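Trainee: If you use our numbering, the sequence shown corresponds to residues 123 to 257, in order.
Ideal placement from N, C-alpha and C gives every residue a C-beta, glycine not left out.
Given the structure is predicted, the values throughout are model-derived calculations rather than measurements.
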Amino acid sequence: MDKQIQISGLSVLLLRIALSGIFIIAGFSHLIHPEGVTQRIQNANYSSFATFFGNPHFLGILSGYVLLIFGTAFLLGVFTRWSAIMLFLTLIPITITIQMGNGLTHGPLWKNIALFGGLLFFILNNPKSFSLYNK
């Protein structure tokens, strides 16, 4: 069934702005305080998941750049779908390493799940409303 649903372009813009803010701020935080990110990774219940992929300090800085660059691109509507995909893929190991070890009643885990849902909207629909460049 291919039923079209009309949505307001302004609502899509507001959702994109609301979603992008957390990624941009987190990216800055990872780059300004890499030792804090390293410490959080090392102290996490599932730290072995992150360390399987590399040095925690390097991973913190790398994720900081990804969050900042693609969060900004997502905010501006530049390659919106690809930006959302990169943010989604970056959020997976962060959620597994940092959030999942704290239990299902831990608020930040559900915040990340909500972020996954918001990003999936843009990945699946690729709305072009109020975008600077979006192919």
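Mind pulling the alpha helix (DSSP H) runs of 4 or more residues that sit fully within the segment 161-235?
Mentor: Entirely contained in the segment 161-235, the alpha helix (DSSP H) runs reaching 4 residues are, in chain order, 169-175, 178-198 and 202-216.
Trainee: Just the C-alpha distance for Ile146 and Gly193, rounded to the nearest angstrom, thanks.
Mentor: 5 Å
Trainee: Which value, in whole angstroms, describes the spacing of the CA atoms of Gln161 and Gly143?
Mentor: 24 Å
Trainee: Work out the CA separation of Tyr187 and Leu209 for me, nearest whole Å.
Mentor: Separation of Leu209 and Tyr187 (C-alpha to C-alpha, rounded to the nearest whole angstrom) is 11 Å.
Trainee: Put Ser130 into one of helix, strand or coil per three-state DSSP.
Mentor: coil
Trainee: Taking the Cβ atom as the reference point for each residue, do Thr219 and Phe171 lie within a distance shorter than 7 Å?
Mentor: yes
Trainee: Judging by CA-CA distance, which residue of Leu213, Phe150 and Asn167 is the nearest neighbour of Gly225?
Mentor: The shortest C-alpha separation from Gly225 is found at Asn167.
Trainee: Could you check which residue in Pro230, His155, Ser253 and Lys125 has the C-alpha nearest to that of Leu198?
Mentor: Ser253
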